[in-house]
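Inspection log for the structure reproduced underneath, given as structure tokens.
Residue numbers (the working numbering): 3 to 467.
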């Protein structure tokens, strides 16, 4: 399906008519890879995650920001004299994995390379197995499902062994302090264990909680790593034409100066909403280069249903919105197939007569930040009527709020502290993305060159690389 009228119609249907979690269950085939479909259909852990990612998100932001800085510095190094070549995708995915891990499981597990590698590998197996099993006729799925489950068992056991000690300690802590949360670690798994102890005691074990953790990571870490890869790639490739690096670096300097060194004042939702140039790069990247190519996936739960256009929708069928045609609609986005890093700044500033792509040290006005281009709400990030990457409406993915922070933190810390450029081998024609079913992944093997900026350069904008 496509078009705003069809989107409105889909969103107006109750879950008993168009089921979201039933559709995801059909897509991911978790009864085969994880051994039970409850990890998709029993959504208690999703409710915990949604609360943490919305109402409680700022409780997590300082630890996440600290972890991102440490991850960037450890992976890119501190050498101010020599350029270092890093694999763009591997590096960005590890940075996001560590910062997402700080949110999900806290210290010290978020820095355990064995845990990080096993977590990503397990998710990749779930995704690839879902594609393979989902293509099979229904009567063949039990056979191929057993093969899929066998292929994930090894990495699941590795993940359980990495999480086991931490989970046992958390179980014991909750048992000893059933009503006292004052000493609870600040991370998602602790909140999940608290709720499980009271309402899902059958899941208070390493096997079940590890699988709940995998599903949480699938929601807010997996896509974020690819998003960070595409954001950095687009910044680097657009720099020659748009001076992208200097524009973003100048905004980062203004942003940092306004907080006067107090990180607790720096990373708040209100402040992050003012990073309109970094926000534009993120939105434009996810408009053109995102992993899923469709959104609002639902399963028909009733007989006799017809779409808003009169199309019969058989019970059990999957319906969704093909998002890419909307993202590249010339009526919504002039020159729609071109990456224009500050397209959304222009949309915000349609009636603003200030110089385009201003890079002065003048602060962005409250009026500009609050208006945010009218329908391009600063609080919605990438869930708008024209950008459907993370769904739309009440069921839109709450992980977008964490991704918003992560991408802006990444751009902020990276450009203030490092010079970056593409390796010569990456220049020229854009490498081809790879496809797996409906998912589009960034190409592997792109090299980024990085060099730590010395202290004299960190406080001022250098000339272009």
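Note that beta-carbon positions come from the ideal geometry of N, C-alpha and C, so glycine has one too.
{"Item": "Give me, in chain order, the residues of the same chain whose beta-carbon lies closer than 8 Å to that of residue 53; leave out the 5 immediate sequence neighbours on both sides.", "Value": "193"}
{"Item": "Using only alpha-carbon positions, find the residue among 246, 159, 220 that is nearest to residue 209.", "Value": "159"}
{"Item": "Looking at C-beta atoms only, is the number of pairs between the stretch 28-37 and the stretch 124-134 that lie closer than 8 Å three or more?", "Value": "yes"}
{"Item": "Would you kindly work out how many angstroms separate the C-alpha atoms of residue 250 and residue 61, rounded to a whole number?", "Value": "26 Å"}
{"Item": "From residue 218 to residue 55, what distance separates their C-alpha atoms?", "Value": "11 Å"}
{"Item": "Could you tell me if residue 376 is buried or exposed, where buried requires 16 or more neighbouring beta carbons within 10 angstroms of its beta carbon?", "Value": "Unreliable positioning characterises residue 376 in this predicted model, as indicated by a pLDDT of 31, which lies under 50. The coordinate reading is nonetheless provided below. Classification for residue 376: exposed."}
{"Item": "Quick one: measure Cβ to Cβ for residue 202 and residue 46, integer angstroms, because I've assumed they're closer than 8 Å.", "Value": "6 Å"}
{"Item": "By how many angstroms is the C-alpha of residue 228 removed from the C-alpha of residue 94?", "Value": "8 Å"}
{"Item": "Excluding the five sequence neighbours on either side, which residues of its own chain have a C-beta within less than 6 Å of the C-beta of residue 451, listed in chain order?", "Value": "85, 87, 423, 425"}
{"Item": "Quick one: give me the first and last residue of the alpha helix (DSSP H) that residue 420 is part of.", "Value": "No alpha helix (DSSP H) holds residue 420; the beta strand (DSSP E) holding it covers 420-424."}
{"Item": "How far does the alpha helix (DSSP H) with residue 468 in it extend, from its first residue to its last?", "Value": "Since the first residue shown for the chain is 3 and the last is 467, residue 468 is missing from the structure and cannot be characterised."}
{"Item": "Give the DSSP-derived three-state secondary structure of residue 462 in the structure shown.", "Value": "Confidence is the limiting factor: at residue 462 the pLDDT is only 40, short of 50, which leaves the residue's position unreliable and the question unanswerable from this model."}
{"Item": "If the criterion is Cβ atoms closer than 9 Å, does the pair residue 235 and residue 448 meet it?", "Value": "yes"}
{"Item": "For residue 36, which of helix, strand or coil comes out of DSSP?", "Value": "coil"}
{"Item": "Report back the beta-carbon spacing between residue 92 and residue 164 to the nearest angstrom; my notes put them in contact at under 8 Å.", "Value": "That pair is no contact at about 20 Å."}
{"Item": "From the DSSP output, in three-state form, read off residue 309 for me.", "Value": "coil"}
{"Item": "Our contact map puts residue 414 next to residue 254 with C-beta atoms below 8 Å; I'd like the distance itself, whole angstroms only.", "Value": "5 Å"}
{"Item": "Residue 216 and residue 36 - do their beta-carbons sit closer together than 9 Å?", "Value": "yes"}
{"Item": "Quick check on the burial criterion: 16 or more other C-beta atoms within 10 angstroms. Buried or exposed for residue 96?", "Value": "buried"}
{"Item": "Which two residues bound the contiguous beta strand (DSSP E) that contains residue 31?", "Value": "Unbroken run through residue 31: none, as it is neither H nor E."}
{"Item": "Using the C-alpha atoms, what's the distance from residue 243 back to residue 438?", "Value": "32 Å"}
{"Item": "Would you mind sorting residue 342 into buried or exposed? The rule is 16 or more other CB atoms within 10 Å of its CB.", "Value": "buried"}
{"Item": "Looking at C-alpha atoms only, which residue of 302, 69, 109, 43 is the closest neighbour of residue 20?", "Value": "302"}
{"Item": "Hey, out of 106, 34, 336, whose CA is closest to residue 63's CA?", "Value": "106"}
{"Item": "Quick check on DSSP: helix, strand or coil for residue 80?", "Value": "coil"}
{"Item": "Where residue 293 and residue 436 are concerned, what is the direct C-alpha to C-alpha distance, given to the nearest angstrom?", "Value": "10 Å"}
{"Item": "What does the Cβ neighbour count give for residue 183, buried or exposed, with the cut at 16 atoms within 10 Å?", "Value": "exposed"}
{"Item": "To the nearest angstrom, report how far apart residue 142 and residue 330 are at their CA atoms.", "Value": "38 Å"}
{"Item": "In the DSSP output, which residue or residues are listed as bridge partners for residue 87?", "Value": "451"}
{"Item": "Taking three-plus beta-carbon pairs below 8 Å as touching, is the stretch 282-298 in contact with the stretch 315-332?", "Value": "yes"}
{"Item": "According to the neighbour-count rule (16 or more other Cβ atoms, all chains shown, within 10 Å of its Cβ), is residue 167 buried or exposed?", "Value": "exposed"}
{"Item": "Terminal residues of the continuous alpha helix (DSSP H) containing residue 304?", "Value": "Looking at the DSSP string, residue 304 is not in any alpha helix (DSSP H), and its letter there is neither H nor E."}
{"Item": "For residue 402, tell me which candidate among 240, 220, 80, 261 has the shortest Cα-Cα distance.", "Value": "220"}
{"Item": "When we look at the beta-carbon of residue 145 and count the other beta-carbons within 10 Å, is it buried (16 or more) or exposed?", "Value": "exposed"}
{"Item": "Can you have a look at residue 284 and say buried or exposed, based on whether 16 or more other CB atoms are within 10 angstroms of its CB?", "Value": "buried"}
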